[in-house]
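What follows is a short report on a single structure.
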Amino acid sequence: GQNIDQPTEMTATEGAIVQINCTYQTSGFNGLFWYQQHAGEAPTFLSYNVLDGLEEKGRFSSFLSRSKGYSYLLLKELQMKDSASYLCAVRDENDKIIFGKGTRLHILP
Amino acid sequence: GAVVSQHPSRVICKSGTSVKIECRSLDFQATTMFWYRQFPKQSLMLMATSNEGSKATYEQGVEKDKFLINHASLTLSTLTVTSAHPEDSSFYICSARDPNSILGNTIYFGEGSWLTVV
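Next comes the structure, spelled out in structure tokens:
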């Protein structure tokens, strides 16, 4: 079956760094997404990893290890506006995107 | 700007009525679109895969007669919630695959539609 796990909630301090982990077990793998979603809004795309390794995009970086079924999203220099839910999603062999339950990130001043 | 547009963004309907939500790909032809539902404080749950010119494929537990999906053209898929009930109140969001995107099969999300059934 499909299973994507990520922590339910995390708290970090403004200006700090936080790493949100995601592990997955899916039927086939065609890439892993990270989305940010503010309450009441549609998800916005952050990153897409297909190959192993780290991809950096400004303050956000995403890492993938396909052999371990593991990814993380790294957020640096946290800002208050980064308070949101972060969704890990895997694209399976049929192009379906299966979402994890999301991690609610709280940023403290 | 948005490459996938959903309409309406918010809709309120009476219990027992039907409501239609549209998902349009603006700059590309989408042979495949996906429909998701998200209840408050929960993640997005895939409801069905919409294929242009053929019947939609529904996920387990999703009633195909209640959630009618039509993908009549390469740029439009519609989700009709029939005989809506208050428990159908949710955030519905679509996504569309661009087969000709630079990244190859990039998937874009619509803005989502809030449905409230009263």
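For the record, the sequence lines run as chains A and B.
Note that our numbering numbers the first sequence so that position 67 is 64, with each residue one more than the last.
Adding 2 to a residue's 1-based position in the second sequence gives its number in our numbering.
Glycine is no exception: its CB is placed at the ideal position from the N, C-alpha and C atoms.
Could you check which residue in the options has the C-alpha nearest to that of residue i?
| i | options | result |
| --- | --- | --- |
| A/Thr100 | A/Ala86, A/Asn91, A/Lys93 | A/Ala86 |
| A/Ala39 | B/Thr108, B/Ile109, B/Ile95, B/Val120 | B/Ile95 |
| B/Thr51 | B/Ser45, B/Gln40, B/Glu61, B/Gln44 | B/Glu61 |
| A/Ser64 | A/Val47, A/Met7, A/Gln33, A/Lys73 | A/Val47 |
| B/Ile14 | B/Gly112, B/Thr108, B/Ser92, B/Ala98 | B/Ser92 |
| B/Cys25 | B/Lys43, B/Pro88, B/Val5 | B/Val5 |
| A/Phe42 | B/Tyr110, B/Gly114, B/Ser85 | B/Tyr110 |
| B/Phe36 | B/Val21, B/Gly112, B/Trp116 | B/Gly112 |
| A/Glu6 | A/Ser24, A/Ser80, A/Lys54 | A/Ser80 |
| B/Leu117 | B/Leu78, B/Gln31, B/Gln40, B/Leu28 | B/Gln40 |
| B/Ser75 | B/Leu28, B/Thr108, B/Val83 | B/Leu28 |
| A/Ser82 | A/Ile17, A/Phe26, A/Leu61 | A/Ile17 |
| B/Thr80 | B/Val120, B/Ser17, B/Ala32 | B/Ala32 |
| A/Cys19 | A/Leu84, A/Lys93, A/Arg88 | A/Leu84 |
| A/Gln33 | A/Leu51, A/Asn91, A/Ser59 | A/Ser59 |
| B/Met47 | A/Leu105, A/Ile104, A/Lys93 | A/Lys93 |
| A/Phe26 | A/Ile1, A/Gly12, A/Thr8, A/Ala36 | A/Ile1 |
| B/Ile23 | B/Leu78, B/Glu89, B/Thr108 | B/Leu78 |
| B/Gln8 | B/Thr59, B/Asn102, B/Pro42, B/Ser97 | B/Ser97 |
| B/Met49 | B/Ala58, B/Lys43, B/Tyr38 | B/Tyr38 |
| A/Asn91 | B/Asp67, B/Thr59, B/Leu70, B/Pro88 | B/Thr59 |
Below 9 Å between beta carbons: does that hold for residue i and residue j?
| i | j | result |
| --- | --- | --- |
| A/Gln(-1) | A/Gln22 | yes |
| A/Phe57 | A/Lys73 | yes |
| A/Thr10 | A/Leu71 | no |
| B/Val21 | B/Val64 | no |
| B/Thr17 | B/Val119 | In the sequence as presented, Thr is not what sits at residue 17 of chain B; that position holds Ser. Yes; because the gap between Cβ atoms is below 9 Å, this pair is in contact. |
| B/Thr19 | B/Ser85 | yes |
| B/Ser11 | B/Ser115 | yes |
| B/Asn102 | B/His73 | no |
Between residue i and residue j, how many whole angstroms is the CB-CB distance? I'm expecting something under 8 Å.
| i | j | result |
| --- | --- | --- |
| A/Ser68 | A/Leu102 | Contact flag wrong, Cβ pair sits at about 16 Å. |
Let me check one thing: in DSSP terms, what residues is residue i bridge-paired to?
| i | result |
| --- | --- |
| A/Asp2 | A/Thr20 |
| B/Asp100 | B/Thr108 |
| A/Phe26 | Paired residues: none, contrary to the question. |
| B/Val64 | The partner list for B/Val64 (beta bridge, DSSP) is empty, contrary to what the question assumes. |
| A/Met7 | A/Leu102 |
| B/Ser9 | Just to set this straight, residue 9 of chain B is His in the shown sequence, not Ser. The partner list for B/His9 (beta bridge, DSSP) reads B/Glu24. |
| A/Gln34 | A/Ser82 |
| A/Ser58 | A/Glu53, A/Leu71 |
| B/Arg39 | B/Met47, B/Tyr94 |
Name, going along the chain, the residues of the region 81 to 98 of chain A whose beta-carbon falls closer than 7 Å to a beta-carbon of chain B.
Leu84, Asp92, Lys93, Ile94, Ile95, Phe96, Gly97, Lys98
Practice task
Please list the residues of the region 40 to 63 of chain B that have a C-beta atom closer than 8 Å to any C-beta atom in chain A, keeping them in chain order.
Solution key: Gln44, Ser45, Leu46, Met47, Leu48, Thr51
* Quick one: which residues of the region 69 to 102 of chain B get their C-beta closer than 9 Å to a C-beta of chain A? List them in chain order. => Phe93, Ile95, Ser97, Arg99
| request: Anything in the region -1 to 25 of chain A with a Cβ closer than 7 Å to a Cβ of chain B? List those residues in chain order, please. | output: none
query = Just by C-beta distance, which residues in the region 24 to 37 of chain B are closer than 9 Å to chain A?
reply = Thr34, Phe36
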